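J.: Here it is, the structure in full.
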Amino acid sequence: MTDRESAPLVTLTDAARHFGPVRALDGVSLSVHPGDCIGLVGHNGAGKSTLVNLINGGLAPSSGEIAFDAGASALEAGVRSVFQELSLCPNLTVAENLRISHSGLKGPGWRRPARAEIARSLDTIFPGHGIDPDAEVDTLSIAERQMVEIAIGFAPRGTEARLVILDEPTSSLDAGIADQLLSHVRRYCSEGGAVIFISHMLGEVFEVATRIIVLKDGKAVAERAAGGFTRQGLVDAMGHVTADTPETAEAARDFGAEVVRTDQGLTAREGEVVGLSGLAGHGQAVALARLYLSRTSSWHAGRRPEVVFVAGDRQRDGILPLWSILRNITVSILPQGARRGLVDRAAETRVAQDWKARIGIRTEDVTNPVLSLSGGNQQKVLFARALASPAPVVIMDDPMRGVDVGTKQDVYAMIRAEAARGRTFLWYSTETEEVCQCDRVFVFRNHEISAELTGAEITEERILEASFEMQEAS
Numbered sequence: 001m002t003d004r005e006s007a008p009l010v011t012l013t014d015a016a017r018h019f020g021p022v023r024a025l026d027g028v029s030l031s032v033h034p035g036d037c038i039g040l041v042g043h044n045g046a047g048k049s050t051l052v053n054l055i056n057g058g059l060a061p062s063s064g065e066i067a068f069d070a071g072a073s074a075l076e077a078g079v080r081s082v083f084q085e086l087s088l089c090p091n092l093t094v095a096e097n098l099r100i101s102h103s104g105l106k107g108p109g110w111r112r113p114a115r116a117e118i119a120r121s122l123d124t125i126f127p128g129h130g131i132d133p134d135a136e137v138d139t140l141s142i143a144e145r146q147m148v149e150i151a152i153g154f155a156p157r158g159t160e161a162r163l164v165i166l167d168e169p170t171s172s173l174d175a176g177i178a179d180q181l182l183s184h185v186r187r188y189c190s191e192g193g194a195v196i197f198i199s200h201m202l203g204e205v206f207e208v209a210t211r212i213i214v215l216k217d218g219k220a221v222a223e224r225a226a227g228g229f230t231r232q233g234l235v236d237a238m239g240h241v242t243a244d245t246p247e248t249a250e251a252a253r254d255f256g257a258e259v260v261r262t263d264q265g266l267t268a269r270e271g272e273v274v275g276l277s278g279l280a281g282h283g284q285a286v287a288l289a290r291l292y293l294s295r296t297s298s299w300h301a302g303r304r305p306e307v308v309f310v311a312g313d314r315q316r317d318g319i320l321p322l323w324s325i326l327r328n329i330t331v332s333i334l335p336q337g338a339r340r341g342l343v344d345r346a347a348e349t350r351v352a353q354d355w356k357a358r359i360g361i362r363t364e365d366v367t368n369p370v371l372s373l374s375g376g377n378q379q380k381v382l383f384a385r386a387l388a389s390p391a392p393v394v395i396m397d398d399p400m401r402g403v404d405v406g407t408k409q410d411v412y413a414m415i416r417a418e419a420a421r422g423r424t425f426l427w428y429s430t431e432t433e434e435v436c437q438c439d440r441v442f443v444f445r446n447h448e449i450s451a452e453l454t455g456a457e458i459t460e461e462r463i464l465e466a467s468f469e470m471q472e473a474s
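Quick note on UniProt numbering: the sequence shown kicks off at 1 and runs consecutively.
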């Protein structure tokens, strides 16, 4: 093994980053070698994104040192980042998005090699993906966009990718596609590449990581080989003690009258939590969007909305990026608190402060910009917006993307409490453990309902069986 093959790709020594009085990262030391797959875990706001941005060169440390192999910059050292918040240009094609980060693609004939390179990368990581390199990104599903972003991260792009940072890479992917990615990560590291793998899905971390680092309040509070942790030990190190597995749905309850029925056969009753499952991209999000649009006005919100929506793709469908945290939370209730068309600012602030405390949004001041929050805390804002609304039906489109395990448990409890008061939830999730929280589950396949499961029928095995049976029949 040569010195270059064994030398650390990047070394951090007491690296810190401060934003005014906020210590986002507070003296972290680590090194990443070829072959490493480092699992980086911690609750939202623990400092993971700041650490990543120091490693990839997006931020400079306030103190401490960062050294790359042979004294190179992050780019020269082959550091790549795949972000949780997708950074693709939606009006460009898949191949054109590769060109943005590939300076070697020049001249009038660059499109042909661009198409070939991104196709090879997609084929290597996601066999059978079906993504056209000439497709515009805004025509792709969120799962397909995530796959493209990952493929660009691993693509050669004229230089060798030596360290790839994956930030919640499976948050938009169904189990089958996620397994393809995890297999590629293991293969890539076994061949001498390195990966920093950030995920709130602890099972995935244990599946691929050779070493796990736990961040809490900007500090590395635990670091050891992955085999040295148990799931519960890892959760405890993160600082939020929770059950090893999520609570199962309550015993059968009496529900109220039917409040939702669609032509497709999707139904829900008052006080019921209804799950939508199946392989990603098989019509679940479309069904929820149609239901939401059928129950809302395109020009006037009204004082008593029938439905409210929690987006999973927060950048496209949820966050209002130019507004404050406060405005993002209270936009759903402005008509209720208005007097003669004027907003009651004091009442608006009380609502925002109340939900900041109830759902644990990590900020000193709700008047801060919403983009000052981590991705998971931005998702909490969307939950606060929905639950603050008086709407009796809550539609949730894979809303737990990038949310840590502790917050998930808190949100599960809030959903159950709201359902007990008579609120109805329609909940699409790519995570089977979340679907198993529901009272009833509709499994989708090829934009149709392939199964309706209740009670003890709601298991991972039955959901997978229903997800594939229509394909096999055809």
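Ideal Cβ placement from N, Cα and C applies to all residues, glycine included. From a predicted model like this one, the values you see are computed outputs, not experimental measurements.
Please tell me whether Ile-213 and Phe-229 are closer than 7 Å, where the distance is taken between their beta carbons.
T.: In this structure, Phe-229 does not lie closer than 7 Å to Ile-213 by Cβ.
J.: Could you give the DSSP three-state label for residue 486: helix, strand or coil?
T.: Any property of residue 486 remains undetermined from this structure, which presents the chain solely from 1 to 474.
J.: Rounded to the nearest angstrom, what separates Ile-142 and His-102 at their Cα positions?
T.: Computed Cα separation, rounded: 23 Å.
J.: In terms of residue numbering, what span does the beta strand (DSSP E) encompassing Leu-426 cover?
T.: Here the beta strand (DSSP E) through Leu-426 covers 424-428.
J.: If you check the beta carbons only, do Asn-328 and Leu-320 fall under 7 Å apart?
T.: Going by C-beta atoms, Asn-328 is nearer than 7 Å to Leu-320.
J.: Could you tell me the alpha carbon to alpha carbon distance between Val-241 and Leu-202, rounded to whole angstroms?
T.: Only weak support is given to the placement of Val-241: the predicted model assigns it a pLDDT of 38, under 50, and the question is left unresolved by the model.
J.: Give a yes or no on contact between the region 162-171 and the region 143-154, applying the rule of three or more CB pairs nearer than 8 Å.
T.: Yes, the region 162-171 touches the region 143-154.
J.: Using only alpha-carbon positions, find the residue among Arg-157, Arg-231, Asp-134 that is nearest to Glu-204.
T.: When only C-alpha atoms are compared, the closest one is Arg-231.
J.: In angstroms, rounded to a whole number, what distance separates the CA positions of Phe-197 and Phe-206?
T.: Spanning the two alpha carbons is a distance of roughly 10 Å.
J.: Give the DSSP-derived three-state secondary structure of Pro-305 in the structure shown.
T.: Residue state, collapsed to three classes: coil.
J.: So the candidates are Val-28, Pro-21, Ala-24, Gly-20; which of them puts its Cα closest to the Cα of Asp-14?
T.: The shortest Cα separation from Asp-14 among Val-28, Pro-21, Ala-24, Gly-20 belongs to Val-28.
J.: In the structure shown, what three-state DSSP assignment does Leu-12 receive?
T.: Three-state result, Leu-12: strand.
J.: Given a cut-off of 7 Å, decide if Ala-280 and Thr-430 are closer than it, judged by their beta-carbon atoms.
T.: Yes, these two residues count as a Cβ contact at 7 Å.
J.: Give the list of continuous beta strand (DSSP E) stretches no shorter than 3 residues that lie fully inside the region 127-197.
T.: If we require 3 residues or more, the beta strand (DSSP E) runs fully inside the region 127-197 come out as 163-167.
J.: I think Tyr-428 touches Gln-284, with their Cβ atoms under 8 Å apart; what is that distance to the nearest whole Å?
T.: With 8 Å as the limit, Tyr-428 and Gln-284 qualify as a contact, their Cβ atoms being about 4 Å apart.
J.: In this structure, what does DSSP give as the bridge partners for Lys-219?
T.: Lys-216.
J.: What residue range is occupied by the uninterrupted beta strand (DSSP E) comprising Val-331?
T.: Segment: none, Val-331 is in no beta strand (DSSP E) and carries neither H nor E.
J.: In terms of residue numbering, what span does the beta strand (DSSP E) encompassing Leu-40 cover?
T.: It spans 37-41 - the beta strand (DSSP E) in which Leu-40 sits, taken as one unbroken run.
J.: Between the alpha carbons of Ser-31 and Ala-72, how many angstroms are there, rounded?
T.: Distance between the alpha carbons of Ser-31 and Ala-72 is about 15 Å.
J.: Ala-135: which of Gly-107, Arg-157, Leu-98 sits nearest, CA to CA?
T.: Comparing Cα-Cα distances from Ala-135 to each of Gly-107, Arg-157, Leu-98, the minimum goes to Leu-98.
J.: Taking the Cβ atom as the reference point for each residue, do Ala-419 and Pro-305 lie within a distance shorter than 7 Å?
T.: For Ala-419 and Pro-305, no; Cβs fall outside 7 Å.
J.: Grab me the residues of Phe-444's own chain with a C-beta within less than 6 Å of its C-beta, minus the 5 sequence neighbours each way, in chain order.
T.: Excluding residues within five positions, the ones whose Cβ falls inside 6 Å are Gly-278, His-282, Gly-283, Gln-284.
J.: What do you get for Leu-293, buried or exposed, if any count of 16 or more other CB atoms within 10 angstroms of its CB means buried?
T.: By the neighbour-count rule (16 or more Cβ atoms within 10 Å), Leu-293 is not buried but exposed.
J.: Just to check my reading of the structure: Ile-165 and Glu-144 have Cβ atoms closer than 8 Å, yes? What is that Cβ distance to the nearest angstrom?
T.: Not quite, the Cβ-Cβ distance comes to about 21 Å (not below 8 Å), so this is no contact.
J.: Looking at Gly-47: is its Cβ nearer than 7 Å to the Cβ of Leu-266?
T.: No, the pair does not count as a contact, with Cβ atoms beyond the cut-off.
J.: With a CB to CB cut of under 7 Å and the five nearest residues on each side skipped, what residues in its chain are close to Leu-182?
T.: So the qualifying residues of the chain are Glu-204, Glu-207, Val-208.
J.: If the criterion is Cβ atoms closer than 7 Å, does the pair Val-221 and Leu-163 meet it?
T.: No, these two residues do not count as a Cβ contact at 7 Å.
J.: Taking only beta-carbon atoms, is Thr-170 less than 7 Å away from chain D?
T.: Note that chain D does not occur in the displayed structure, where there is just one protein chain.
J.: Kindly provide the ranges of any alpha helix (DSSP H) runs that are 4 or more residues long and lie completely inside the region 382-453, ordered along the chain.
T.: As far as the region 382-453 is concerned, its whole alpha helix (DSSP H) runs of at least 4 residues are 405-420, 432-435.
J.: Looking at Pro-133 and Ser-95, is the spacing between their C-beta atoms short of 7 Å?
T.: Just to set this straight, residue 95 is Ala in the shown sequence, not Ser. For Ala-95 and Pro-133, yes; Cβs fall inside 7 Å.
J.: Distance check for Val-411 and Thr-459, CA to CA, integer angstroms please.
T.: In a straight line, the C-alpha of Thr-459 is about 21 Å away from that of Val-411.
J.: For Ser-324, which residues from the same chain have a beta carbon less than 8 Å from its beta carbon, with the 5 sequence-adjacent residues on both sides left out?
T.: Excluding residues within five positions, the ones whose Cβ falls inside 8 Å are Val-366, Thr-367, Asn-368, Pro-369, Val-370.
J.: Excluding the five sequence neighbours on either side, which residues of its own chain have a C-beta within less than 6 Å of the C-beta of Ala-178, listed in chain order?
T.: So the list reads Thr-170, once near-sequence residues are dropped.
J.: Give me the Cα-Cα distance between Glu-247 and Ala-456, rounded to the nearest whole angstrom.
T.: Low confidence applies to Glu-247: its pLDDT is 42, below 50, so where it sits in the model is not reliable, and the reading given next is rough at best. Each residue's alpha carbon lies about 14 Å from the other.
J.: Specify, as a first and last residue, the run of the alpha helix (DSSP H) that Ala-237 falls within.
T.: Counting along the chain, the alpha helix (DSSP H) containing Ala-237 begins and ends at 231-238.
J.: Starting from Ser-81, trace the alpha helix (DSSP H) both ways and give me its first and last residue.
T.: Segment 79-82 is the beta strand (DSSP E) holding Ser-81; no alpha helix (DSSP H) there.
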